[in-house]
Amino acid sequence: MFGPHLTLDLSECDLRKLSDLSHVYSMLDELPDLISMHKISPPYAFVYKPKDKPEEWGVSGFVIIAESHISIHTFPDKGHAFIDIFSCKQFDIHKAIAYLTTKFDAGHADKRLSGRGKEYPREVEAAREIVARSRVAISH
Numbered sequence: 003m004f005g006p007h008l009t010l011d012l013s014e015c016d017l018r019k020l021s022d023l024s025h026v027y028s029m030l031d032e033l034p035d036l037i038s039m040h041k042i043s044p045p046y047a048f049v050y051k052p053k054d055k056p057e058e059w060g061v062s063g064f065v066i067i068a069e070s071h072i073s074i075h076t077f078p079d080k081g082h083a084f085i086d087i088f089s090c091k092q093f094d095i096h097k098a099i100a101y102l103t104t105k106f107d108a109g110h111a112d113k114r115l116s117g118r119g120k121e122y123p124r125e126v127e128a129a130r131e132i133v134a135r136s137r138v139a140i141s142h
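Heads up: the sequence shown is residues 3 to 142, going by this note's numbering.
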């Protein structure tokens, strides 16, 4: 397996926290260190206001980590936040969930954990063979 993928759907969240760009940015900046991940770049967060559905506005952001990525999408008018943490190594899932639910004052959290890359080889030689086969298949 390549690694865990945690998806977290938060509801009944604090409207002010969901709509606060600096709050979402700070969360993306703090969370990697909290779960022993390593930021490759600073977080990127922005306010999104769709013209066709103004009620669907929110704050979105992500941070690229050496282990993969973390993303947050908020919907203040609906009281929701959707978060993904994908990593190539194990991390403290309970610590991440506690941090995120507390930071958004979430009344409810729907958590899903899946293993990504079940066929992904962890052995270098197995990976080399797969890449070689792929290159042959593409060149023909």
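Ideal Cβ placement from N, Cα and C applies to all residues, glycine included.
None of the values given here were measured: they were computed from a predicted structure.
Asked                                                                                      : Found
HIS96 versus SER62, LEU36 and VAL65, residue with shortest Cα-Cα distance                  : LEU36
Backbone secondary structure at PRO56 - three-state DSSP                                   : helix
6 Å CB neighbourhood of HIS142 in its chain, flanking five on each side removed            : Because HIS142 carries a pLDDT of 48, less than 50, the predicted location of this residue cannot be relied on, and no value is offered for it.
Stretch pair the segment 47-66 + the segment 75-85: three plus CB contacts closer than 8 Å : yes
Nearest-angstrom beta carbon gap, GLY5 and SER70 [assumed within contact, 8 Å]             : 7 Å
Contact set for ASP16: own chain, Cβ-Cβ below 7 Å, skip 5 residues either direction        : PHE106 and ASP107
LEU8 and ALA68 closer than 9 Å at C-beta                                                   : no
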